[in-house]
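Note that the protein sequences, when read in sequence, are chains A and B.
Here this note's numbering is used: the first residue of the first sequence is 2, the next is one more, and so on.
Here this note's numbering is used: the first residue of the second sequence is 60, the next is one more, and so on.
From the three backbone atoms N, C-alpha and C, an ideal C-beta is built for every residue, glycine too.
Report on the following structure.
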Amino acid sequence: MTAARATASSAVPAPVTAGTGTASPAIRLTGVGKQYAADGPVVLDGIDLEVAPGEFACLLGASGCGKSTLLSLIAGLEQPSTGTIEVDGRAAVMFQEASLLPWLSARRNVELALRFGDAGLARPARRTRALDLLDLVHLADAAEKRPHELSGGMRQRVALARALAQDRSVLLMDEPFAALDAITRDLLHEELERVWRETGRTIVFVTHNVREAARLGQRVLLMSSRPGRIVSEWRIAVDGPRRIESPAVSELSVEITEHLRREIRRNAA
Amino acid sequence: MPHDTSLSPAPPAPPVSGRELPLAPGMSRANPAEVATPSRSSRASGGDDDLRTLEAGLDRLQTDVALRTPWWRRAIDGVLPPVLLLVVLVAAWQAYTVVAQPRPDLAPGPLDVAAALGQSWEDGRLQLAVTTSLERGILGFCIAVAVGTPLGLLLAEWAPLRRALGPLISGLQVLPSVAWVPAAILWFGLSDATVYFVVLMGAIPSIVNGLVAGVAQVPPQLRRVGTVLGASRLQLAASVVLPAALPGYLAGLKQGWAFSWRSLMAAEIIAFGGSIGFGVGSLLQQGRDLADLASVLGTILVILAIGVVIELLVFAPVERGMLRRRGLTGGTP
C-alpha cells in the first residue's frame, strides 16, 4: 500500500534544517532577497532554505510568487540583491519548454551538454554516454530523431537526459511538465521519480500544481506572493511509490490547497 | 502559523469501480488497497519494464508516422507545372506571330529568337558571354559572402555598431546598385574592378542584413539553454547562435546572389568596352546597338534561365534540406 506521511511546520522566520542533517546541505540559502529596481517591488524576501543532498524538494506557489526567480538565483542565472546562496557545485536546469536545438538529433542534443560541460570526453565516449542517458529515460529508440519528430513528452525526456548529462549533483526544474497533457505528465512523474532514485540527484522542482508537488516531493515548500517568502513546509515520509491518485496524495493536496488559498486571499485586500 | 498535522494513510472508504472521478477538495474516496495493490505488485516484478512499455505505447500514439513521398513523385510535382506553363506560353507566343503576323523586327516569334540565339552560339559570343558573366557573378558573390559574413556577425553581436551602421546598411540595400556604375567608372575606369565594385555594393548589404535578422530571430531561450549547459562565449556562438540563425542567413545569401546577378547585368550593360570582358549584359547591349530585337529577347531569356537554374540547383536544395531537418516544411515540399 502506498503511504505518505506529511508534517507541516512553519518555516518563517526560523531557518529550515536539512532533512537528514548528516551531510552538509546541497543548497543553502541565507536571507536571500531579490529586488530588480531600488524602488521596484520586492520579489523575494528573506528566504532561508537548506536542501539536503539527494532530497526532492518542491517549491509551490501561485503565479508571480517569485519561485522561478528563486530557481534562477540558485542556478546562478541571476544574482540575489541580499543574502548568500551556496550550491554544491553548479546546478543543472530544466525549463518548461524542452528547448532542444531543432537542428540536432536527440542524441546530438545530449552530446552537446557533454561537450559544453567539463567532462572532457572524447567523441566516441560522448556518443556512448548520450545513448546511455537516452536509454535511462527510455528513449534509446528515438536517439536519431530530431525534436520536431518527437512528442512534447519525449522532448521533455530528452531535455531531462540532457540535464543529467551535465553530471551535476543538483537538478533544478522549472515547471518542466506544465505544458504536457495529464496522461503524459502522470507518466513523466513516475519517470522522474525513478530517475531520481537511480541517480541520487538533489532536485528542486518548481510548480504551481499542488497535486504535482504532493505527488513528487519529499518536501513541499509553499511560497507566498509579493513579497515571495517560504511560509509553510510539509515533509513527506515516502515509504513506497506514490501515485497522483493515491488517497494520501489527494489528502495532502487538500491541505496544501487550503494554505495556498489563504495566502492568495491575503493579496485581495 | 505553526501547526502540525500528521497524515495517516487514507481513511477506509467504500470500494469504487475502476472509473476515476476528479476529487473535490475535502473529499476522499477510493480504496487504498484497490488503488495501490496492482501498481505495487507490478512494480515488484519489474516496474521499470512496465513503465517502459507504457511510455513506448504513449510515444507511439503521440508521434506521427512520417509519410515521405518518393523522390520521383516530388520531382514530377516540382518540375511538371512550370514546364507545362512554359510550353503553353511559348505556344501562345508562336500562335500569335502566326495568326496576327506582326512586324518581325518589333515582335519576333519564338523561332526567330531561337535562331538569333543559335547564331550567337555559332560565332561563340553566347558561350563567351555566359562563361564571363557566370565567372564574375560567382566570384563576386563569393567575395561578398567573405566580406558580408564577418561584417554581419560583428553587427549582430555588437549592439552599438549595429545601431550606428544598421540604417546605412538597410539604406544601401534599397539603393539600386546601378547608381554606383557612373561613380565606379570614374574611380576604376572601364575595368573589371568597376564590375566587381558594383556587384559587391549590391550583394553585401543583403548578406549582412540576412545574417543580422537571422541572429536577431534566435529564440532567447536557446541562448539561455546554452549558458545553462555551460557553453563558453565562443561555443555559444559557434554551436548555438550561428546554426540557429542559418535560415535567416540563407535567405540573405539567396537575396545576395539575386542582387549580385542583377548588379552584374546592369554594370555590363552600362560599362562597355575598355578592358571589360564580354558578358551577357554586353551581349544585350550589342543586340540593342544592332536593333536586333530577337537577339535582345533571346539574351533576356538566357539571363532569366541562368537565374532559375542557379536557384533550382543551388539554393532550393540547400534550403529545402535545412527546413526539413528542422521540421519547418509546411507540409508541401
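What residue from B:L220, B:A134, B:T191 and B:L110 has the CA that sits closest to I362 of chain B's CA?
Counting from one through the second sequence, the residue named residue 362 of chain B turns up at place 303. Ranking B:L220, B:A134, B:T191 and B:L110 by Cα distance to I362 of chain B puts B:T191 first.
Reduced DSSP secondary structure (H/G/I, E/B, other) of Q36 of chain A
What you label residue 36 of chain A is simply residue 35 of the first sequence in a count that begins at 1. Of the three classes helix, strand and coil, the one that applies to Q36 of chain A here is strand, per DSSP.
Looking at the C-beta of E112 of chain A, does it have a partner C-beta in chain B at a distance below 8 Å?
Here residue 112 of chain A corresponds to residue number 111 of the first sequence, with the count starting at 1. Interface annotation, E112 of chain A: not in contact with chain B, CB-CB separation never under 8 Å.
Tell me which same chain residues have a C-beta within less than 6 Å of the C-beta of Y255 of chain B, skipping the five on either side of it?
Within the second sequence, the letter at position 196 stands for residue 255 of chain B. Cβ contact annotation for Y255 of chain B (same chain, cutoff 6 Å, sequence separation greater than five): G199, in chain order.
Along the beta strand (DSSP E) that carries G47 of chain A, what are the first and last residues, could you check?
One-based indexing of the first sequence puts residue 47 of chain A at position 46. DSSP places G47 of chain A inside the beta strand (DSSP E), whose first and last residues are V43 to V52.
Please identify the residue among A:F117, A:S247, A:G229 and A:T31 whose C-alpha is closest to the C-alpha of D49 of chain A.
Indexing the first sequence from 1 puts residue 49 of chain A at position 48. Of A:F117, A:S247, A:G229 and A:T31, the residue nearest in Cα terms is A:T31.
Just checking: is the beta-carbon of I265 of chain A within a distance shorter than 8 Å of some beta-carbon in chain B?
On the first sequence, residue 265 of chain A is found 264 positions in, with the first residue counted as 1. Under the 8 Å criterion on CB atoms, I265 of chain A is classed as non-interfacial with respect to chain B.
Just the Cα atoms here: how many angstroms apart are Y308 of chain B and W316 of chain B?
Position 249 of the second sequence, counting from 1, holds the residue named residue 308 of chain B. Position 257 of the second sequence, counting from 1, holds the residue named residue 316 of chain B. Rounded to the nearest angstrom, the two C-alpha atoms are 12 Å apart.
Relative to the alpha-carbon of L217 of chain A, which residue among A:A27, A:E87 and A:L61 has its alpha-carbon at the smallest distance?
Within the first sequence, numbered from 1, the residue matching residue 217 of chain A stands at position 216. The shortest C-alpha separation from L217 of chain A is found at A:L61.
Taking the C-alpha atoms as reference points, what is the distance between Q344 of chain B and E145 of chain A?
For this step, residue 344 of chain B is matched to residue 285 along the second sequence. For this step, residue 145 of chain A is matched to residue 144 along the first sequence. C-alpha separation (whole angstroms): 55 Å.
To the nearest angstrom, how far is it from the Cα of A183 of chain A to the Cα of L139 of chain B?
As a working note, residue 183 of chain A is residue 182 in the first sequence. As a working note, residue 139 of chain B is residue 80 in the second sequence. Looking at the two C-alpha atoms, the distance is approximately 47 Å.
For the stretch 158-175 of chain A against the stretch 106-118 of chain A, are there 3 or more C-beta pairs whose distance is under 8 Å?
They touch, by the three-pair rule.
Would you mind working out which of A:I28, A:I231, A:G153 and A:M224 sits nearest T1 of chain A, comparing C-alpha positions?
This structure leaves residue 1 of chain A out entirely; chain A is present only between 2 and 270.
Touch test, the stretch 324-333 of chain B against the stretch 138-153 of chain A, Cβ-Cβ under 8 Å, three pairs minimum
Short answer: they don't touch.
Quick one: which chain B residues come within Cβ less than 8 Å of V94 of chain A?
On the first sequence, position 93 is the one that residue 94 of chain A refers to. Chain order gives the chain B residues near V94 of chain A as V287, where near means a beta carbon separation below 8 Å.
Rank A:F206, A:S82 and A:R212 by C-alpha distance to the C-alpha of V44 of chain A and give the top, closest one.
Indexing the first sequence from 1 puts residue 44 of chain A at position 43. Scanning A:F206, A:S82 and A:R212 for the CA closest to the CA of V44 of chain A turns up A:S82.
Can you name the residues that DSSP bridges to A58 of chain A?
Here residue 58 of chain A is taken as the residue at index 57 of the first sequence, counted from 1. A:V205 and A:R220.
Inter-residue spacing [alpha-carbon to alpha-carbon] between A249 of chain A and H260 of chain A
Taking the first residue of the first sequence as position 1, residue 249 of chain A is located at position 248. Taking the first residue of the first sequence as position 1, residue 260 of chain A is located at position 259. Distance from the CA of A249 of chain A to the CA of H260 of chain A, rounded to the nearest whole angstrom, comes to 17 Å.
Could you spell out where the beta strand (DSSP E) holding A92 of chain A opens and where it closes?
Taking the first residue of the first sequence as 1, we reach residue 92 of chain A at position 91. In this chain, the beta strand (DSSP E) harbouring A92 of chain A covers A92 to M95.
Should D351 of chain B be labelled buried (16 or more other beta-carbon atoms within 10 Å of its own) or exposed?
Numbered from its first residue, the second sequence carries residue 351 of chain B at position 292. Residue burial is scored here from C-beta neighbours: D351 of chain B has at least 16 other C-beta atoms within 10 angstroms and is therefore classed as buried.
Just by C-beta distance, which residues in the stretch 269-300 of chain B are closer than 9 Å to chain A?
Taking 9 Å as the Cβ-Cβ cut-off against chain A, the residues of the stretch 269-300 of chain B that qualify are P278, Q280, L281, R283, V284, G285, T286, V287, L288, G289, A290, S291, Q294, L295, S298 and V299.
Determine which residues share a DSSP beta bridge with R29 of chain A and list them.
Here residue 29 of chain A refers to the residue found at position 28 of the first sequence. DSSP lists A:E51 and A:E87 as partners of R29 of chain A.
Are the Cβ atoms of P186 of chain B and G168 of chain B separated by less than 8 Å?
Translated into the one-based positions of the second sequence, residue 186 of chain B becomes position 127. Translated into the one-based positions of the second sequence, residue 168 of chain B becomes position 109. Going by the sequence as given, residue 186 of chain B is Gln instead of Pro. Not a contact, by the Cβ cut-off of 8 Å.
For the stretch 150-171 of chain A, list every residue whose C-beta sits within 7 Å of some C-beta in chain B, in sequence order.
Of all residues in the stretch 150-171 of chain A, E150, L151, S152, G154, M155 and Q167 have a Cβ within less than 7 Å of some Cβ in chain B.
Got a sec, what are the start and stop residues for the alpha helix (DSSP H) V368 of chain B sits in?
Mapped onto the second sequence, residue 368 of chain B falls at position 309. Start and end: L352 to I369.
I244 of chain B to T253 of chain B span [Cα, whole Å]:
To locate residue 244 of chain B, count along the second sequence from 1; it is residue 185. To locate residue 253 of chain B, count along the second sequence from 1; it is residue 194. A direct Cα-to-Cα measurement between I244 of chain B and T253 of chain B gives close to 6 Å.
Classify G154 of chain A as helix, strand or coil using the three-state DSSP reduction.
The residue labelled residue 154 of chain A in the question sits at position 153 within the first sequence. Helix.
Starting from L110 of chain B, find everything on chain A with Cβ-Cβ shorter than 8 Å and list it in chain order.
Along the second sequence, read from residue 1 onward, the residue named residue 110 of chain B stands at position 51. Simply H139, L188, E191, E192 and R195.
List the residues of chain B that E98 of chain A touches, going by C-beta distances under 7 Å, in chain order.
In the first sequence, counting from the first residue as 1, residue 98 of chain A sits at position 97. Near E98 of chain A (Cβ distances below 7 Å), the residues of chain B are Q280.
Range of the contiguous beta strand (DSSP E) that encloses D175 of chain A:
Against the first sequence, residue 175 of chain A aligns to sequence position 174. Per DSSP, the unbroken beta strand (DSSP E) holding D175 of chain A starts and ends at V171 to D175.
Residues of chain B with a CB under 9 Å from the CB of F206 of chain A: which are they?
Here residue 206 of chain A refers to the residue found at position 205 when the first sequence is read from its first residue. Ordered by position in chain B, no residue passes the 9 Å Cβ test against F206 of chain A, which lies about 16 Å from the chain.
Residues that G289 of chain B bridges to, as DSSP identifies them
The sequence position of residue 289 of chain B within the second sequence is 230, counting from 1. Per DSSP, none; premise fails for G289 of chain B.
Which residues in chain B have a C-beta closer than 8 Å to the C-beta of R147 of chain A? List them in chain order.
Here residue 147 of chain A refers to the residue found at position 146 when the first sequence is read from its first residue. By Cβ distance, chain B contributes R384, R385 and G386.
Candidates A:S247, A:E256 and A:H209: closest to A63 of chain A by CA position:
What you label residue 63 of chain A is simply residue 62 of the first sequence in a count that begins at 1. For A63 of chain A, the closest of A:S247, A:E256 and A:H209 by C-alpha to C-alpha distance is A:H209.
Compute the distance between the beta-carbons of R188 of chain A and A93 of chain A, then report whether it is under 8 Å.
Indexing the first sequence from 1 puts residue 188 of chain A at position 187. Indexing the first sequence from 1 puts residue 93 of chain A at position 92. The sequence shown places Leu at residue 188 of chain A, not Arg. Cβ distance not < 8 Å, so L188 of chain A and A93 of chain A don't count as in contact.
So is S98 of chain B buried or exposed if we call it buried at 16+ other beta carbons inside 10 Å?
For the purposes of this step, residue 98 of chain B is identified with residue 39 of the second sequence, where counting begins at 1. Because the pLDDT at S98 of chain B is just 37, under 50, the model does not fix this residue reliably, and the point stays unresolved.
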